[in-house]
Amino acid sequence: MLNDFYRLVSKASIIFIGIIITIPIFCGFLGFFLPSFNYLPILGKGELSLNYFYISMNIPGIYKSIILSIFTGLVSTFLALFFSQVILLYFFKTKFYNYIKIIISPLIALPHITMAIGLIFLLSPSGLLLRSVSPWLTGFDRPPITYIFPDEYGLFLILGLILKEIPFLILVSLSALREFSSTKFFDLGKSFQHSSFSTWFTLIFPIIYKKIRLVVFIIIAFSSSVVDMSLLLAPSTPSTLSVRILQIFQSSDVDSFFIASNLSLIQLLIIICLFIFWIILEKIIKLQYFYIFFIKITSIKSEFLKFVILCFGIGLFLLSFMGIICSMLWGFSQNWYFPNFFPNNLNIDSFLSFYDQNKSLIFISVFIPLMVSLLSTSLTIIWVELLDYLNIKKTQFEWIIFIPLFIPQISFLIGIQSFIIFFNYNSFLISLIFVQLFYVIPYSFIILAPAIRAVKFDYIKVASSLGKNRIERLFKIKIPLVLPSLLTSFAIGMIVSFSLYVPVYFIGVGRVTTLTVEALNLALSGSKQDLGIATFFQILFPILLLLTIALINKKTIKWKF
Amino acid sequence: MYLKLADNLAKIVLRCFFISIFFIISPYTNATEKKNDWDIKADKVSGQTIFFHAWGGAKNINSFIKWASDEVKKRYNITVKHVKVTDTANVVARILSEKNVKKDNNGAVDLVWINGENFSVMKKNNMLLSENWIRDLPNSKYLDFENNLSLLNDFGVPTEGMEMPWGVSQLNFYYDSKYIKSPPRSASELKDYIIRNEGRFTFPQPPDFTGTSFLKQILIELINDKSLLRKKYVIHKHKKALIPLWKWLDQTTPYFWREGKNYPSNYLALTELVAEREIDIGMAFNIAHASNAISEGKLPNTVRSYIHKDGTLANVHFLAIPYNSGKKTAAKIFVNFLISPEAQLKKQDKTFWGDPSVISVAKLDKNWKNKFSMLPRGIATLSNEELTMKFEEPHPSWVKIIEEGWIEKYGSNN
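Here the protein sequences line up with chains V and C, keeping their order. Take 0 as the starting number for the first sequence in numbering that gives the first Met the number 0 and just add one per residue. Take 0 as the starting number for the second sequence in numbering that gives the first Met the number 0 and just add one per residue.
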């Protein structure tokens with residue numbers, strides 16, 4: 000009797016969780032899909048038409064924006080993938096290999112825009128790099144007239160993107176490498192007189208790639224539709240498609256919503272095309288004669304070329320760290336004009352006043368990720384437990400939760416925000432937390448669910464034979480066993496939520512803002528000092544979080560099985 | 000055990016029900032309120048929270064708003080939340096989408112800082128509290144509506160009492176006097192200057208407010224018949240009128256900072272560029288901007304302001320209440336405070352904001368008069384005499400045309 004009741008309740012909750020997760024995804028999709036065909040009955044538009052496609056395509060410079068988005072998305076993904084492998088390959092089987100993870104973790108944890116801001120502080124004509132050689136070497140007593148930054152082709156946007164994506168790709172590749180006997184493969188290749196380069200790319204990389212393929216597609220989708228980084232690093236006449244969508248959405252015409260929706264659909268179609276293109280590329284590379292061709296090229300033992308590639312890879316890392324340090328320095332500086340390499344005076348006055356005026360902002364920026372991540376990890380655990388309880392083994396349908404990562408953020412948010420206004424819901428904070436969940440759950444899920452499912456059944460059996468019920472087994476056996484994954488998933492969840500820009504912009508509508516949104520506003524209004532301080536907090540938070548997690552991990556994992 | 004659970008559940012459901020009833024009723028209780036004494040009104044809205052959507056890019060303005068919010072909290076127990084906006088058009092878009100889905104009360108915005116094109120869009124679409132409310136506020140007696148027509152006309156559109164004047168501004172330029180002896184004081188001098196000093200001039204990218212205003216300024220200086228600009232833009236009649244502006248830009252754009260392929264996003268980003276000496280000339284609408292930036296350490300103290308010989312664009316900025324605000328009375332109380340001599344004095348004070356007061360000093364008593372005359376001016380702020388040459392704003396219909404034309408010709412070709 001009681002058991003039946005429990006089963007009923009768990010079935011109901013599974014359906015309930017399924018509904019609250021999937022319905023908004025479809026709402027978000029329909030919310031921009033239907034208006035782009037001129038369909039939104041509430042605005043009195045009930046006739047389907049392709050009118051807005053015509054209007055969209057006639058926006059001045061829209062083709063340039065589209066090409067820019069495609070170019071930056073593809074090139075950055077390709078380069079990030081290439082350099083992540085090059086860096087791994089040169090450190091593979093060296094002493095440094097074990098430290099790579101420690102070095103890249105803070106870089107992964109930083110929000111995208113922090114990286115972009117660091118680049119601006121470093122590379123703009125009045126940036127630190129030129130200051131360091133001016134005026135003694137270059138003779139510049141004022142910033143030179145250069146057109147390099149931001150450039151017209153989006154190269155700096157690509158640079159910014161790869162600085163963020165390389166560490167991420169390295170991290171996922173590292174865990175992929177642990178899953179098979181990579182050292183043996185490597186030695187095998189070497190024993191056939193292949194260079195380490197061709198060994199890596201013909202033997203090891205294909206295996207890694209199979210495991211990280213999903214991530215690569217996420218990166219393609221993300222980098223061809225990124226908003227926050229484009230606002231800072233992309234050229235502005237015209238900018239990338241995602242920024243154009245944002246600009247059009249912001250203008251106060253009735254039509255602008257439909258045009259923005261339509262462009263959102265086009266953005267989605269572009270991403271789908273890129274996926275198809277990438278898949279064709281994969282097919283070509285898989286062909287046998289390509290392999291032979293590839294081995295021929297890579298077996299050319301050019302030590303110099305290797306060295307250059309490696310230097311470039313390491314240079315990228317240095318660039319990110321220098322940018323970060325430079326932006327922190329700005330937070331404490333005053334009267335720091337070109338060409339001074341170091342600020343005239345350093346003080347913490349502006350730091351303190353910023354902190355004083357923005358206490359609630361800082362609090363909310365930590366509070367939201369905390370809530371989102373708590374919710375998403377608990378939802379994941381509940382979900383996995385319920386499925387286990389009901390003995391549902393087929394879990395293919397779980398891919399649905401990954402959809403938000405493949406739909407461009409701006410499209411999804413344009414879609415979902417109109418639903419939120421439509422339902423007349425007034426709590427901006429709760430809506431924001433809810434919407435952020437869609438971007439955090441996939442990460443929590445992908446880290447946590449396999450870990451829980453991998454807990455050996457024997458432990459559970461022993462526990463139940465000792466009379467422990469399901470709840471006790473969960474809290475006393477399963478969770479302690481998966482604690483490292485749980486903590487990682489929790490930390491990643493917080494970091495992802497912390498760095499989200501578009502959801503906060505659209506759902507918070509200024510009423511709820513976070514450091515990420517505020518930092519972007521500051522970067523656009525050129526207040527370098529405040530920007531430095533905001534960036535400081537953006538760096539501080541993820542690093543503190545990582546340290547805390549590491550500490551907890553160390554303290555609690557005394558008893559390992 | 001289940002009984003207990005059910006009991007608890009029932010309690011929760013009931014509680015939710017009552018709370019929701021309360022929320023459904025509460026907006027109407029405001030609406031039934033009759034015109035009473037100001038103080039009684041203030042008592043009634045004690046404890047409310049209003050959302051003030053105002054441009055939030057400048058530190059000094061933000062801290063002024065913070066100060067004013069703290070004051071009304073102290074006096075009337077009204078909490079003002081400053082929603083920092085990057086472009087007021089977003090706020091208009093937000094209210095428009097609320098209107099579209101018929102969200103006619105408790106909208107997201109209770110008060111908005113606005114003027115020009117955004118006002119005209121809101122007025123045209125009936126998105127504002129449409130009664131003539133500004134004269135009801137006690138402090139409106141300090142404003143000289145009879146003699147100063149610009150207080151009732153926003154870019155030539157009659158405000159009909161739907162928005163309260165809050166401050167005056169005038170486009171002004173600034174440069175570093177250490178390096179430049181005499182800055183260019185007209186559109187044609189500026190053109191020569193730009194061509195001679197390649198890569199050292201730019202303006203905020205339209206549709207930014209200051210950027211568009213700069214284009215309007217150039218148009219006004221170059222157009223033959225200035226009276227055209229007061230009329231509504233009609234494409235077949237007025238397209239030619241814009242030719243001088245496009246010609247000016249065609250000649251200058253290649254010599255802009257980064258060849259006109261990139262522009263700073265707003266006037267504050269421009270300030271940074273002047274400070275770093277990437278460019279020579281900056282511009283702002285707040286006449287105390289350069290002085291403020293100097294005292295904040297953002298510009299060197301050799302920077303000075305100037306305006307063009309024939310004058311520069313001047314306008315009034317306003318506060319308006321959206322039609323669907325749920326807290327109109329509380330918003331009015333805050334507006335009333337913002338136009339009080341006390342708040343206006345603070346606003347004009349260069350250590351706070353430096354934005355000229357909108358109230359007429361002649362209408363004040365001696366004590367306040369003194370306080371206003373005692374206010375120090377910043378070293379880079381022009382005197383009232385230097386600011387006498389003013390241009391009227393063109394009709395708002397021109398704004399969109401100029402913006403779109405610019406974006407098509409210069410903003411999307413790379």
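Note that CB positions come from ideal geometry on N, CA and C, so glycine has one too. Since the structure is predicted, the reported quantities are computational estimates derived from the model, not experimental observations.
In the DSSP annotation of this structure, residue 265 of chain V is not part of any beta strand (DSSP E); the continuous alpha helix (DSSP H) holding it starts and ends at 253-285. Short of 6 Å from the beta carbon of residue 89 of chain V, and not among the five residues preceding or following it, lie these beta carbons of its own chain, in chain order: 309.
For the region 325-356 of chain V, residues whose beta-carbon sits nearer than 8 Å to a beta-carbon of chain C comprise 333, 334, 336, 337, 356.
Excluding its 5 nearest sequence neighbours in each direction, residue 87 of chain V has C-beta neighbours in its own chain below 7 Å: 169, 172, listed in chain order. Under a criterion of Cβ atoms nearer than 9 Å, the residues of chain C adjacent to residue 509 of chain V are, in order, 50, 52, 55, 82, 83, 84, 85, 89, 90, 93, 107. Straight across, the Cα-Cα distance linking residue 124 of chain C with residue 251 of chain V is about 11 Å. Just measuring C-alpha positions, the residue of C:155, C:216, C:166 sitting nearest residue 282 of chain C is C:216. The region 252-263 of chain C makes no contact with the region 180-188 of chain C, as fewer than three CB pairs between them are under 8 Å. Taking a Cβ-Cβ cut-off of 7 Å, the neighbours of residue 204 of chain C in chain V comprise 235, given in sequence order. Shown here, residue 192 of chain V sits in coil according to DSSP, grouped into three states, outside any helix or strand.
Any Cβ of chain V closer than 7 Å to the Cβ of residue 324 of chain C would place that residue at the interface, and such an atom is absent. In this structure, residue 115 of chain V sits away from residue 494 of chain V, with a CB-CB distance that is not shorter than 7 Å. For residue 102 of chain C against residue 270 of chain V, the beta-carbon gap comes to about 32 Å, at or over 8 Å, which does not count as contact. Residue environment for residue 72 of chain C: exposed (fewer than 16 other C-beta atoms within 10 angstroms of its C-beta). By alpha-carbon distance to residue 330 of chain C, the top candidate from C:295, C:105, C:59 is C:105. Between the alpha carbons of residue 74 of chain V and residue 152 of chain V lies a distance of about 11 Å. Taking all protein chains in view, the Cβ of residue 41 of chain V is surrounded by fewer than 16 other Cβ atoms within 10 Å, so the residue is classified as exposed.
Among the CB atoms of chain C, one or more fall inside 7 Å of the CB of residue 151 of chain V.
From the beta-carbon of residue 197 of chain C, the residues of chain V found nearer than 9 Å are 144. Among the CB atoms of chain C, one or more fall inside 7 Å of the CB of residue 249 of chain V. Interface with chain V (7 Å Cβ-Cβ cutoff): residue 210 of chain C is excluded.
When C-alpha distances from residue 80 of chain C are compared across C:89, C:49, C:293, C:353, the shortest belongs to C:49. DSSP places residue 112 of chain C inside the beta strand (DSSP E), whose first and last residues are 110-113.
A straight-line Cα-Cα distance of about 11 Å links residue 252 of chain C and residue 410 of chain C. With contacts defined by Cβ atoms closer than 7 Å, residue 312 of chain V and residue 85 of chain V form a contacting pair. The bridge partners DSSP lists for residue 347 of chain C come to none. Assigned with DSSP and collapsed to three states, residue 320 of chain C falls in coil, not helix or strand. Taking every protein chain shown into account, the CB of residue 449 of chain V has fewer than 16 other CB atoms within 10 angstroms, so this residue is exposed.
Runs of beta strand (DSSP E) with 3 or more residues, each lying fully within the region 473-543 of chain V, are absent.
Counting along the chain, no beta strand (DSSP E) covers residue 8 of chain V; the unbroken alpha helix (DSSP H) around it starts and ends at 1-32. In this structure residue 461 of chain V is exposed. Its beta-carbon is surrounded by fewer than 16 other beta-carbon atoms within 10 angstroms.
Residue 175 of chain C and residue 297 of chain C have their C-alpha atoms some 13 Å from each other.
Judged by DSSP in its simplified three-state form, residue 282 of chain C adopts strand. Counting along the chain, no beta strand (DSSP E) covers residue 352 of chain C, and no H or E run does either. Note on residue 384 of chain C: under 16 other CB atoms within 10 angstroms of its CB, so exposed under the neighbour-count rule. Residues of the same chain with a CB within less than 7 Å of the CB of residue 83 of chain V, apart from the 5 flanking positions on each side, are 165, 168, 169, 172 in chain order.
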